[in-house]
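Residue numbers (the working numbering): 2 to 226. Ideal placement from N, C-alpha and C gives every residue a C-beta, glycine not left out.
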Ligand code: MD6
Ligand code: FE
C-alpha cells in the first residue's frame, strides 16, 4: 500500500546541478563512486608522499598536498609556483591517471568549458581540523582555462566569497563525489574551506589513514601552462 504521509514529508531531492554563482557550477555526485579515485590517490602518494607545505609568510599549511601530471603546485618560503619535479624526490610527478583526465574533461564540459586539457592535478588531503583560508587560484599562466575540483571522503563546508575575500560568502556543503567547476568571470574568485569536522559516529566508506583517522581528499585540476 502507498503511504501518502511518507510521501508528503519526504524531503525534496537536491538538484544534481546547481549554479553557485555566475560561472561556478556544482555537479552533485558527478564523481561517485569514488573508491577507484581513492585507490589512485594512494598510488600517487606512494610515489609523491603528502606533505604540509610552507607558506611564503613562514606558516605551515594544515592541508597536506601532492600532485600528478606534468606540473605540480608547490609552495615554500620563496613563494607559490608550479614545478615539473617533486622537490622531495627530484623526480617527475606521477602521471595523471587516464580516469582523472576523463573525469576532469567530462565535468568541465558539463560546467560549460569544453576542451579542458589539465596539465596538473593538485591532490589535497584534509585530516579532521584541517582548513584552507580564503585564497584564489592565481598561479596559472592562462586564466581562460577553468578549474575542476573533486571532493572525496568526509564532507566539507566550502565558502565562495567572489571578487574580494571580504564579500559575504555563499556557503555550501561538498560531499563525497561532488564536483565544482569554475572559470570565466569567476576564475579568480576567493574561496575557502572551513576546519574539517569530525564525523558523527563511524563513517563507512570514508577513506581513513591508520594514524591520521578519517580523511577528505580534494582533486583540483588546472591548466598550469
Ligand atoms: C578544497 N578547493 O575543496 C579546496 N580551488 O579542498 C579549492 O581551493 C579550489 O575547490 C579552486 C577551484 C575549486 C576549488
Ligand atoms: Fe583553491
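Where residue 104 sits in the DSSP three-state scheme: DSSP places residue 104 in helix when its eight states are reduced to three.
Between the CA atoms of residue 106 and residue 114 - distance to the nearest angstrom: When rounded, the distance between both Cα atoms is 9 Å.
Contact test: residue 10 Cβ vs the ligand MD6 heavy atom, cutoff 7 Å: no
Buried versus exposed, by CB contacts within 10 Å (16 or more), residue 149: Burial call: buried.
Local conformation of residue 10 per DSSP, three classes: helix
The alpha helix (DSSP H) enclosing residue 38, as first and last residue numbers: 36 to 48
The beta strand (DSSP E) enclosing residue 226, as first and last residue numbers: It is not in any beta strand (DSSP E) - residue 226 carries neither H nor E in the DSSP assignment.
Any non-hydrogen atom of the ligand MD6 closer than 7 Å to residue 21 Cβ: Annotation for residue 21 indicates a beta carbon at 7 Å or more from all heavy atoms of the ligand MD6.
Residue 146 beta carbon near the ligand FE (any heavy atom closer than 7 Å): no
Chain C within 8 Å of residue 79, Cβ atoms only: In the structure shown, chain C does not exist; there is a single protein chain.
The region 29 to 40 in contact with the region 51 to 70 per 3-pair CB rule at 8 Å: no
According to DSSP, residues forming a beta bridge with residue 72: Answer by DSSP bridge pairing: none, since residue 72 is not bridged.
Residue of 26, 50, 32 minimising C-alpha distance to residue 104: Of the candidates 26, 50, 32, the one whose C-alpha sits nearest the C-alpha of residue 104 is 32.
Terminal residues of the beta strand (DSSP E) in which residue 160 lies: 157 to 163
Close Cβ partners of residue 71 (< 6 Å) along its chain, the five nearest in sequence each way excluded: 120
Spatial neighbours of residue 204 in its chain, beta-carbon cut-off 6 Å, leaving aside the 5 residues before and after: Excluding residues within five positions, the ones whose Cβ falls inside 6 Å are 215.
8 Å CB neighbourhood of residue 100 in its chain, flanking five on each side removed: Non-local beta-carbon contacts of residue 100 in its own chain, meaning distances under 8 Å to residues more than five positions away in sequence, involve 37, 38, 41 in chain order.
For residue 30 and residue 130, believed in contact at Cβ under 8 Å, the rounded distance: 26 Å between Cβ atoms; not a contact.
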